[in-house]
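Take a look at the structure set out below.
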Amino acid sequence: NVWCAAGKGTFGTEELVQRMRQVRLADRVTHGQVILPQLGAVGVAAHEVKAQTGFQVLYGPVYARDIKAFIQAGLKATQAMRRVHFTFYDRLVLTPVEAMLSLKYLVGLSVVFVLLSGWQKGGYAPGAMIQQGPHVLGNIGVAFLSGAVLGPALLPWLPGRRFAVKGVCVGLLVALGLTVVGLTGSRLESASWLLLTMSISSFLTMNFTGASTYTSLSGVQREMRTAVPVQLAGFGLGTALWILSRFL
1 NVWCAAGKGT FGTEELVQRM RQVRLADRVT HGQVILPQLG AVGVAAHEVK
51 AQTGFQVLYG PVYARDIKAF IQAGLKATQA MRRVHFTFYD RLVLTPVEAM
101 LSLKYLVGLS VVFVLLSGWQ KGGYAPGAMI QQGPHVLGNI GVAFLSGAVL
151 GPALLPWLPG RRFAVKGVCV GLLVALGLTV VGLTGSRLES ASWLLLTMSI
201 SSFLTMNFTG ASTYTSLSGV QREMRTAVPV QLAGFGLGTA LWILSRFL
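Numbers 1 to 248, taken from the numbering used here, label the letters of the sequence shown in order.
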């Protein structure tokens, strides 16, 4: 989205100027104005665009559906046009995007854990892998959905301000649910899935900061510096406990 792109610098002054020159905008219009999305303002220096292209930057409404009304009103935005909504539906619509971006982690993780599930006391047994594989895939899939879908969807109702903390909370609830219904195995294996689910869920929910409308690049970087080491430690310990449980 524009907010994410502007915050990362991919929708910025240089990119805008380059695109305007590439399409020869100055040769196509004479009004000397360019309308940008309101949420793109964080990445664009309007005075630099004016100096380099001669075009005046006008910040239009938040949503593209209001552009026509904005133009018809003489390039004036109403208060409603300036308001950003981030409802349950808005968040849910964005979850497939984040889920697809994280799919590579899910596939790689699933392959590794399914292969490792064949280890047991007597050595490696393909039969054990076939037997345990679906169980492992199910638990990893649930952890993935916890962080990529449930975390973003339930964002306002989860405790904590940091997305990583919110992900831990929803991951904890999901892991406890798996334990209650008996899908996590022995106590040691249950402890391993608790750590794994919370770590995976925390990481994926933290990833949703890029799609939200109220996070900043500096804030996200600060959160990642503290959260990622904890997530890695939790994931590493969970993996070690899970492997150990294969031999007990």
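Cβ atoms here follow ideal geometry from the backbone N, Cα and C, with glycine treated the same way.
Might you give, ordered along the chain, the residues of its own chain that have their beta carbon closer than 8 Å to the beta carbon of residue i, omitting 5 neighbours on each side?
i    : result
L106 : I140, G141 and F144
V97  : A211
E223 : R162, F163, A164, M206 and T209
T213 : W3, L39, V84 and F86
K50  : Q56 and V57
R82  : Q38, P61 and V62
Which first and last residues belong to the alpha helix (DSSP H) in which residue i is found?
i    : result
L173 : F163 to V180
S270 : Examination of residue 270 is not possible in this model, given that the chain is present from 1 through 248 alone.
T197 : R187 to N207
A211 : A211 -> no alpha helix (DSSP H), and no H or E assigned at all.
T13  : T13 to Q22
A73  : Looking at the DSSP string, A73 is not in any alpha helix (DSSP H), and its letter there is neither H nor E.
A80  : Q79 to R82
R246 : Unbroken run through R246: none, as it is neither H nor E.
A26  : L25 to R28
Excluding the five sequence neighbours on either side, which residues of its own chain have a C-beta within less than 6 Å of the C-beta of residue i, listed in chain order?
i    : result
L252 : No statement about residue 252 is possible, as the shown extent of the chain runs from 1 to 248 and does not include it.
R246 : W119 and Q120
M20  : T53
L94  : A211
A6   : G40, V42 and G43
A99  : A148
Can you find the residues in the same chain that come closer than 7 Å, C-beta to C-beta, to residue i, ignoring five residues on each side of it along the sequence?
i    : result
E220 : Residue identity differs from the one stated: residue 220 is Val in this sequence, not Glu. T209, listed in sequence order.
T215 : T209
A175 : W193, L194, T197 and M198
P319 : Because residue 319 is not part of the residues shown, which for the chain are 1 to 248, the question remains open.
G133 : V114 and S117
A69  : none
Can residue i be considered in contact with the ligand ATP, in the sense that its beta carbon sits closer than 7 Å to one or more heavy atoms?
i    : result
M129 : As presented, the structure is devoid of all ligands, the ligand ATP included, so that no description of it is given.
I want to see whether chain D comes within less than 8 Å of residue i, judged by CB atoms only; does it?
i    : result
G141 : In summary, chain D is missing from the structure at hand, where a single protein chain is found.
Self-check item: Ordered list of alpha helix (DSSP H) runs contained in the stretch 101-145, each at least 4 residues
Solution: Here the runs fully enclosed are 103-116 and 126-145.
Quiz item: Is the stretch 199-208 touching the stretch 231-239, taking contact as three or more C-beta pairs under 8 Å?
Solution: Enough Cβ pairs lie closer than 8 Å, so yes.
Exercise. Starting from the N-terminal side, write out each stretch of the alpha helix (DSSP H) that is 4 residues or longer and does not extend beyond the stretch 30-71.
Key: Here the runs fully enclosed are 46-53.
Exercise. Say whether the stretch 12-19 touches the stretch 31-47, bearing in mind that this needs 3 or more beta-carbon pairs closer than 8 Å, one atom from each stretch.
Key: The stretch 12-19 is in contact with the stretch 31-47.
Quiz item: Per the contact definition of three or more C-beta pairs closer than 8 Å, is the stretch 145-160 in contact with the stretch 84-91?
Solution: Yes: at least three Cβ pairs fall under 8 Å.
Practice problem: Report yes or no: do three or more beta-carbon pairs, one from the stretch 42-57 and one from the stretch 68-84, lie closer than 8 Å? | Solution: Segments in contact, no.
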